[in-house]
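Participant:
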Amino acid sequence: MILVASGLGLFGSIFYFDGSPPSHWRMIVYGVLFAMALVASCIIFYANLKYLVRRMSARSASRVDDNAP
43 MILVASGLGL FGSIFYFDGS PPSHWRMIVY GVLFAMALVA SCIIFYANLK YLVRRMSARS
103 ASRVDDNAP
């Protein structure tokens, strides 16, 4: 994922390269930051999904306990 986004940053930097090195490096940095944001959002989504599944299974287990005499 990080390699793909940094590759996209390099690809964009080649097209938007106006001759000054700072813009070239800026596109690389933006590509890496975009990759890190993408990975972080995927990790957060996965953690939330795991938490919701665990919570729902705990809720169904507590219902079974409530129905027990």
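Remember, the numbering used here sits 42 above the position in the sequence shown when you count from 1. Virtual Cβ for every residue (Gly too), placed ideally from N, Cα, C. Please read all numbers here as calculations on a predicted model, not as lab measurements.
(1) Taking only the alpha-carbon atoms, compute the straight-line gap between Ile85 and Leu75 and give it to the nearest angstrom.
(2) To the nearest angstrom, report how far apart Leu94 and Met78 are at their CA atoms.
(3) Use the C-beta contact count for Met69: other C-beta atoms within 10 angstroms, 16 or more gives buried, fewer gives exposed.
Facilitator: On the basis of the coordinates in this document:
(1) Translated into the one-based positions of the sequence shown, residue 85 becomes position 43. Translated into the one-based positions of the sequence shown, residue 75 becomes position 33. A direct Cα-to-Cα measurement between Ile85 and Leu75 gives close to 15 Å.
(2) Taking the sequence shown and counting its residues from 1, the one referred to as residue 94 is at position 52. Taking the sequence shown and counting its residues from 1, the one referred to as residue 78 is at position 36. Their Cα atoms are separated by approximately 24 Å.
(3) For the purposes of this step, residue 69 is identified with residue 27 of the sequence shown, where counting begins at 1. Buried: at least 16 other Cβ atoms inside 10 Å.
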